[in-house]
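Here's the structure we're looking at; comments come further down.
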Amino acid sequence: MDVRSVIREENPKDLPSLPQSLDHADHMLRTALSGYPRLAADHLLRREMRGKLAKTVGNSIRRLDLEFRKSTPSAEDSEEDGKGKILVRHNAYEALIEIAMNLVGIEGVWAGFSSEERDGVFNHIVETLETWENLEGKNGGVSIASATVEELILNMKKVHGRRDGERA
220 MDVRSVIREE NPKDLPSLPQ SLDHADHMLR TALSGYPRLA ADHLLRREMR
270 GKLAKTVGNS IRRLDLEFRK STPSAEDSEE DGKGKILVRH NAYEALIEIA
320 MNLVGIEGVW AGFSSEERDG VFNHIVETLE TWENLEGKNG GVSIASATVE
370 ELILNMKKVH GRRDGERA
């Protein structure tokens, strides 16, 4: 199964008009796994999250990690199950990468997060991404992490109107 094709062909689920989340971490998890990882990451960019960022992201990471580990691809998976597992992992990766980019970008400053708060959460995200990449390496096959990063870069190039090989 071609991981990049599965990612490109993802059809996000409809989001409910009224969130059914229990808390911010639950909202992020549900939103990301419904196919909206950027929206899930942007949910943190609120002043009310100041001082709560580490706890909320930590809870989100804990829950995403459980979903990530449950979605280990297997040769016995049906095509539908295999695609679903790829998308769970892709959306988990993308949500954390988007949160990290928000924290190192101006958005984290605008939201009012202290540099200590941003740095601590950023480091937690990096550790989690490294753990997930190691898990994927043990499972063999195509790296969903690599495919996710390639898609993010491709989308960034589209936004900036560049094609492969062009320079800024």
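For my numbering, add 219 to where a residue sits in the sequence shown, where the first one is 1.
We put the CB at the ideal spot given by N, CA and C, even for glycine.
Since we're looking at a predicted model, the values are computed, not measured.
Thinking just about the alpha-carbon of each residue, which of the options is nearest to the one in residue i?
i, options, result
"residue 292", "346, 362, 240", "362"
"residue 276", "322, 367, 353", "322"
"residue 220", "250, 239, 316, 297", "297"
"residue 364", "308, 318, 299, 279", "308"
"residue 271", "335, 351, 377, 376", "335"
"residue 234", "242, 250, 241", "250"
"residue 358", "300, 342, 228, 294", "294"
"residue 281", "380, 351, 266, 337", "351"
Use the C-beta contact count for residue i: other C-beta atoms within 10 angstroms, 16 or more gives buried, fewer gives exposed.
i, result
"residue 327", "buried"
"residue 256", "buried"
"residue 247", "buried"
"residue 222", "buried"
"residue 252", "buried"
"residue 373", "exposed"
"residue 279", "buried"
"residue 290", "buried"
"residue 375", "exposed"
"residue 344", "buried"
"residue 337", "buried"
In chain order, what residues of the same chain lie with their CB nearer than 7 Å to the CB of residue i, ignoring the 5 residues before and after it?
i, result
"residue 225", "302, 305, 306"
"residue 260", "314, 317, 318, 321"
"residue 231", "253, 254, 255"
"residue 240", "246, 249"
"residue 258", "250"
"residue 238", "246"
Skipping 5 residues on each side, what residues in its chain have a beta carbon closer than 6 Å to that of residue i?
i, result
"residue 370", "226"
"residue 311", "283, 287"
Tell me, to the nearest whole angstrom, how far the beta carbon of residue i is from that of residue j; I am working on the premise that it is less than 8 Å.
i, j, result
"residue 367", "residue 313", "5 Å"
"residue 330", "residue 264", "5 Å"
"residue 339", "residue 273", "6 Å"
Please work out which residues of its chain come closer than 8 Å, Cβ to Cβ, to residue i, disregarding the five sequence neighbours upstream and downstream, and give them in chain order.
i, result
"residue 341", "319, 322, 323"
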